[in-house]
Amino acid sequence: MKIITGGVTAAKGFQAASTAAGIKYENRKDMALIVSECPAVSAGTFTSNVVKAAPVKWDMKIVAEQECARAVVVNAGIANACTGEEGMEYCQKTAEKVEELFGIPANQALVASTGVIGMQLPMDKLAAGIAVMAQELDNTAESGHQAACAIMTTDTKPKEAAATFEIDGKMVTVGGMCKGSGMIHPNMCTMLGFVTTDLAISKELLQEALREDVKDTFNMISVDGDTSTNDTVLLLANGMAGNAKLTKKDENYRKFVEALNYVNTALARMMAGDGEGATALFETKVIHADTKEHAKILAKSVICSSLTKAAIYGHDANWGRILCALGYSGVSFEPEKIELFFESCSGRIQIYKDGVATDYSEEEATKILSDEEVTVLVDMKMGEAEATAWGCDLTHEYVSINADYRS
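Heads up, the sequence shown is in our numbering, so the first residue is 30 and it goes up one at a time.
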C-alpha cells in the first residue's frame, strides 16, 4: 500500500464539485457533489441514534435495496433532521434534480445533510446549487479538496485521505473525505464520510469491509459524548481499476481492507483532533487486554472522560482521572497490575505502576502533554488484545461554540 495525496476524486472515474448555495452560511461554500462516471456498488453505515435524519433514512433504503449508486449530494448548515414528511420530500426532490441534470436514476442518488436540527431546507437554493455544480464537475484533486471544504460546519480544516495498492497488475485507489467536529461520539458521530474506490468488488464484500472497519475507526472516536441524528459513511466502488471482481476474502481483499483502514483511520483521527475548540488530539491505546471488546471499552472510557479531557487541555498529568475512567468502564481488572504512560513527539514517561504513582517529573509530563497529539498508553497485563480510541481535549472554546451554535 502507498499513501498518496488526495480525497474523493483520487480513484478513477470519480468527479466532484462544490458551490456556495447560501443554505445557511454566507460567503462560503456549503454544498458538494460527488459523481461516478459509471454505476458504483454502494455500501453504508449509519447513526445508531433512534432519531434519524431524513437523509439517513433515504440512504439506508437505497443502500439496502439498490445494487449501485452514482451520485451523492451534500449540504452543510441545515441537518434536515426532525423535519417530518417534508424533509423526506426534499430528499426525493434532490434525487429528482440529479436525475433531471445527469440522467442518473433518482434511486441511484444519495443525499447527506449536516447542521442545525429542526430547520427545513430551502429547496430552491438546494436545486440551484445542484445546477451550478453540474457545470463544474471535475476529477482533479482541487475539485475534491473544495468539496471537502464545502461540507464543513464547525470544522476548522478539511479532512481528506487516499492510498493505492496493486491487484494482479492493476493499480487500485481508495480515497475519501469527511466532516465532523462536534456531536461526535462512538457508534457513529455528527460526521459525514464519503469514501470512493475504483476497485471491482461484490456488494456483499464491500458492505462487510466497511461495516467491520468502521468498528475500529469511526466508532472509536469521541469529542463530546453526543451521538448525532445524521451520521453517515458511504463507500462507492465503480470497478474502473479493471481488476477481476473480488467475490471472496482472499489476499486481494485483504489488500483492499488495509487501504480502507488507512483512509478511515486517517479521517477518524482528523475528526477527533479537530473537535470543537480542541487544541490537541487525545489518543488512548490499550494493550495486553484480555479481549478486543474489553480493550475497546477501556480505551473509549478514557477518551470520553470529561475530567481527563480537561486535564489534557491543562497539560496536567492527573493520572487519577485516567484510572478512574478505566475503573467505571465496566471491565474488571486489577488496578495494582496495570501500567500507565504518557507519550507524544516530545517523549514518553511512565506515570503509574504497581498501584501507585511513579517518581516521574511533573515538568517532563507537562512538556509531553503540551504537544498537539498526546497518547495515553494503558498496559493491562492481562492478555494480547489491544484497541485504540481517539478524542480531543475539552476547552473553554467548546462551550462558546455550542452556546450560540444556532445563531
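We treat Cβ as the ideally placed atom computed from N, Cα and C, and that holds for glycine.
The alpha helix (DSSP H) enclosing residue i, as first and last residue numbers
i: Y291; result: E280 to G302
i: D245; result: K232 to D245
i: R57; result: No alpha helix (DSSP H) contains R57, which DSSP labels as neither H nor E.
i: N1; result: Nothing can be reported for residue 1: it is not among the residues displayed for the chain, which extend from 30 to 436.
i: Q121; result: G113 to F131
i: M89; result: A83 to E94
i: C333; result: K321 to C333
i: S429; result: H425 to A432
i: L275; result: Here L275 belongs to no alpha helix (DSSP H), and DSSP marks it neither H nor E.
Residue j beta carbon less than 8 Å from that of residue i
i: E393; j: I378; result: yes
i: V201; j: A141; result: no
i: V85; j: N259; result: yes
i: N104; j: L139; result: no
i: V315; j: V403; result: no
i: H344; j: T395; result: yes
i: F223; j: G205; result: yes
i: E401; j: A309; result: yes
i: A437; j: V331; result: This structure gives no information on residue 437, because the portion of the chain shown stretches from 30 to 436.
i: R90; j: I196; result: Correcting the residue type first, residue 90 is Lys in the shown sequence and not Arg. It is not a contact, given that the beta carbons lie outside the stated cut-off.
i: I107; j: V127; result: no
i: N272; j: L228; result: yes
i: M409; j: A318; result: yes
i: V262; j: T74; result: yes
i: I481; j: G376; result: Missing from the structure shown is residue 481; the chain here goes from 30 to 436 and no further.
i: T38; j: A179; result: no
i: A135; j: E125; result: yes
Residue environment, residue i, which counts as buried when at least 16 other CB atoms sit within 10 Å
i: G147; result: exposed
i: C374; result: exposed
i: S172; result: buried
i: C218; result: Residue placement at C218 cannot be trusted, given a pLDDT of 46 that sits under 50; what the coordinates show is reported in the next sentence. Buried: at least 16 other Cβ atoms inside 10 Å.
i: H425; result: exposed
i: C333; result: buried
i: I32; result: exposed
i: Y357; result: exposed
i: L221; result: buried
i: Q175; result: buried
i: P364; result: exposed
i: K329; result: buried
i: D279; result: exposed
i: N56; result: exposed
i: S251; result: buried
i: H297; result: The sequence shown places Ala at residue 297, rather than the His named in the question. So A297 counts as buried.
i: G349; result: exposed
i: A432; result: exposed
i: Q149; result: exposed
i: T185; result: exposed
i: E305; result: buried
i: K41; result: buried
i: K277; result: exposed
i: T183; result: buried
i: D422; result: buried
i: G359; result: exposed
i: V80; result: exposed
i: G144; result: buried
i: V428; result: exposed
i: V92; result: buried
Delimiting residues of the beta strand (DSSP E) encompassing residue i
i: K461; result: Nothing can be reported for residue 461: it is not among the residues displayed for the chain, which extend from 30 to 436.
i: G222; result: L221 to T226
i: I250; result: Note, I250: premise wrong, no beta strand (DSSP E); not H, not E.
i: T387; result: Premise fails: T387 is in no beta strand (DSSP E) and is neither H nor E.
i: G376; result: G376 to K382
i: A46; result: F43 to T48
i: V79; result: No beta strand (DSSP E) holds V79; DSSP gives it neither H nor E.
i: N104; result: C97 to I107
i: D408; result: E402 to D408
i: K188; result: K188 to I196
i: I33; result: K31 to I33
i: V315; result: L310 to A318
i: E413; result: No beta strand (DSSP E) contains E413, which DSSP labels as neither H nor E.
Closer than 8 Å to chain D by CB, residue i
i: K321; result: In summary, chain D is missing from the structure at hand, where a single protein chain is found.
Complete runs of the beta strand (DSSP E) confined to the segment 138-181 [at least 3 residues]: The beta strand (DSSP E) runs of length 3 or more contained entirely in the segment 138-181 are, from start to end of the chain, 138-145.
Touch check for the segment 229-245 and the segment 181-192: three-plus C-beta pairs under 8 Å? With the cut-off at 8 Å, the segment 229-245 and the segment 181-192 do not touch.
Say whether the segment 411-419 touches the segment 315-326, bearing in mind that this needs 3 or more beta-carbon pairs closer than 8 Å, one atom from each stretch. In short, these stretches touch, since the Cβ pair count reaches three.
When you compare the segment 49-64 with the segment 280-299, are there three or more beta-carbon pairs, one atom per stretch, that lie closer than 8 Å? Per the Cβ contact rule, the segment 49-64 is not in contact with the segment 280-299 (fewer than 3 Cβ pairs under 8 Å).
Can you find at least 3 beta carbon pairs, one from the segment 37-48 and one from the segment 157-170, that sit closer than 8 Å? The answer is yes - the segment 157-170 touches the segment 37-48, with three or more Cβ pairs under 8 Å.
So, does the segment 68-75 touch the segment 109-123, judging by three or more C-beta pairs under 8 Å? In short, these stretches do not touch, since the Cβ pair count stays below three.
Write down every uninterrupted run of the alpha helix (DSSP H) in the segment 343-370 whose length is 4 residues or greater and which is fully enclosed by it, in chain order. Those alpha helix (DSSP H) runs which fall completely within the segment 343-370 and span 4+ residues are 348-356.
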